[in-house]
Amino acid sequence: MATATIPADTVLPSFARAKYNKLRALDKRTRALRDGLSAQLSQVREQMADAQRDLAIFDRRNKPEAAFTIEEGKRVPAKFPARDELLALIDSLKSETTRLSEEINAATTGIDLNEIDRWLADHANVQFVEATVKPTKLSLDAIRQRQKEISADIATVQNAPRTVVEAKAAMRAEINRLAELGRPDVASLYNGQPLEWPTEMLVANGAGVHPHIVTATVKHTFALTVWMNRDLLIQKLDEEIEHQGDDSFALSKDEQRVKLKELENQLLLLQRQEEKLIDRLDNPPPRTCRLPEVLLGIARASIGAATSVGGVAAPPNLELANAK
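Heads up, the sequence shown is in my numbering, so the first residue is 63 and it goes up one at a time.
The structure is reproduced here in structure tokens:
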């Protein structure tokens, strides 16, 4: 049984507490249904095991594979009605096992009250209001399909390549970083000391009776080479970036941030609309959204920490923006 309760110090509007209790009652009914179906499944499996045992005993005693009769002068396998009944019973019990297993798998709410409790405890000092959700004429299936499409769009935007300009800027930053590492220190020459070349430490692990580590400080020849050829490297890498780059589907960081915000707004609105539709059903299907704010129908009354939407941090007051 679910033992979840709203944390005592959580400030929730009355409608959200009512929704929480409704979800808890649904979870309790679903758990009871699963327990009942599981008990039936155990009983059916025991019956099938008994039937299979009876079939094995019957076959050992009667050896049906070696029994024959003569019909119309021909030798044909003997018929065993009792064995046929056992086979039919086993097939029926197998079908019943499959049916019950499918019903058990379908008997889920898609929510985790303990997860909601943890979230509420983490947001105990946040003031919430009722989230106003724009009505929709879409069906539940259509809303869920649209969510899948937007989630795919979010993944595409998240994985979009950077623009040629940004790739060049990142390349220059890396070249300059290495060049600075490779810059020789000539200050020692003014004091009559040798020129100080750039160095790096190499570390190697050795395996044996006793593990050991070997370190050595060597000249950082790669960084020195970058320092010596900085301009040429930048020129050549500029050409390579221009050759491989394609800004037709690339996004800058600013463009990516704006597009993600738009898509996340759309996704959260659809999630809220889905919850509104599900909440009206007597026998609701499993939820596909587990966000506590969506399940409880609440939105932050003031700017606070962002809610995760689609695996990406959503902007503050995202729900209120959707409601306008």
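For glycine and all other residues, C-beta sits at the position ideal for the given N, C-alpha and C.
CA-CA distance, Val138 to Asn124, rounds to 16 Å. Assignment of Pro139 by DSSP, reduced to helix, strand and coil, places it in the strand class. The Cβ neighbour count for Val356, taken over all protein chains shown within 10 Å, is at least 16; the residue is labelled buried. In this structure, Thr92 sits near Thr171, with a CB-CB distance shorter than 7 Å. One thing to note: Val219 has its Cβ within 7 Å of the Cβ of Leu322.
The beta carbon of Glu192 lies closer than 8 Å to those of Pro75, Phe77, Ala78, Gly359, Ile360, Ala361 in the same chain, with the five residues before and after it left out. Each residue's CA atom was taken as its position, placing Glu258 and Met290 some 15 Å apart. Within the model, the alpha-carbon separation for Asp89 versus Ala101 is close to 18 Å.
Following the DSSP letters along the chain, one finds Ala113 in no beta strand (DSSP E) but inside the alpha helix (DSSP H) bounded by residues 76-124. Boundaries of the beta strand (DSSP E) harbouring Phe190: 190-192, taken from the DSSP string.
According to DSSP, residue pairing for Gly268 in a beta bridge involves His274.
For Arg319, there is no enclosing beta strand (DSSP E); the residue is part of the alpha helix (DSSP H) that begins and ends at 315-341. Inter-residue distance for Gln297 and Thr225 is about 18 Å (C-alpha atoms, whole angstroms).
Excluding residues up to 5 positions away in sequence, Gly172, Ile173, Asp174, Glu177 lie with their Cβ nearer than 8 Å to the Cβ of Arg352 in the same chain. Our two residues, Arg115 and Ala168, have alpha carbons roughly 31 Å apart in a direct line. Taking the C-beta atoms as reference points, Gly244 is found no nearer than 7 Å to Pro256.
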